[in-house]
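Each residue of the sequence shown is one higher than the last, beginning at 423 in the working numbering. Where a beta carbon is used, it is the ideal one built from N, C-alpha and C, also for glycine. Structure first, then comments.
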Amino acid sequence: MVRKRDKWTFLDEYTVEERTGQAQRMRRHHPGCVPVVIARASRSRVGNMKELRVNVPGNMTLGQLHITLKDRLCLRPTDALIFLVGSSNTIVPPSSSLAYLYLQHSHIDLFLYLTYCEENALG
């Protein structure tokens, strides 16, 4: 069972207006990209980053994002990641494009929030 994140620090640090302005600037400067906030689940044992704010190409899939983050998170070969989307922590297939996820699950501040946690890949 996947536990919900306790809190997004990004939501606490900035007001809705400030976050919306940041997302609009990110989309204006990079029109084909999706503003994403990626965070580690509260009980996750993998990864060394708390939260990461990135601008990701909309045609990138969740699986491609996983590969991109794999080195950055210092994963062991036996570790795999599950991404949970939005405040409902919905598990989505790795073949989902970030543009589609953005249309379906973006927050009112125009960011897409992803939480990652580990899954044992070898049983």
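1) Buried or exposed: where does Cys496 fall if 16 or more other Cβ atoms within 10 Å of its Cβ makes it buried?
2) So, do the stretch 435-448 and the stretch 527-535 have three or more beta carbon pairs nearer to each other than 8 angstroms?
3) Taking three-plus beta-carbon pairs below 8 angstroms as touching, is the stretch 488-508 in contact with the stretch 462-472?
4) What's the gap between the Cα of Ser518 and the Cα of Phe505?
5) Quick check on this structure: which residue in Leu487, Arg449 and Ile460 has the alpha carbon closest to the alpha carbon of Thr537?
6) Identify the continuous alpha helix (DSSP H) that holds Asp531 and give its terminal residues.
7) Given a threshold of 16 other Cβ atoms within 10 Å of its Cβ, counted over all protein chains shown, does Arg465 qualify as buried or as exposed?
8) Beta-carbon separation of Leu474 and Pro516 under 8 angstroms?
9) Considering only residues of the same chain and omitting the five flanking positions on each side of Arg427, which have a CB-CB separation below 7 angstroms?
10) For Ala548, name the three-state secondary structure that DSSP assigns.
11) Under 8 angstroms Cβ to Cβ from Val424, same chain only, skipping five residues before and after it: list those, please.
12) Please work out which residues of its chain come closer than 7 angstroms, Cβ to Cβ, to Asn576, disregarding the five sequence neighbours upstream and downstream, and give them in chain order.
Once the coordinates are examined:
1) exposed
2) yes
3) yes
4) 11 angstroms
5) Ile460
6) Here Asp531 belongs to no alpha helix (DSSP H), and DSSP marks it neither H nor E.
7) exposed
8) no
9) Caution is warranted here: a pLDDT of 44 is assigned to Arg427, below 50, making its placement in the model unreliable, and the coordinate value is therefore given only provisionally. Correct list, in chain order: Ala461, Ala463, Ser464 and Thr537.
10) Past the boundaries of the shown model lies residue 548; the chain is included only from 423 to 545, so the question cannot be answered.
11) Reliability fails at Val424, whose pLDDT of 37 lies under 50, so the model's placement of it is uncertain and the value that follows must be treated cautiously. So the list reads Ala463, Ile504, Leu506, Asn511, Ile513 and Cys539, once near-sequence residues are dropped.
12) No answer is possible for residue 576: it lies beyond the span of the chain, which begins at 423 and ends at 545.
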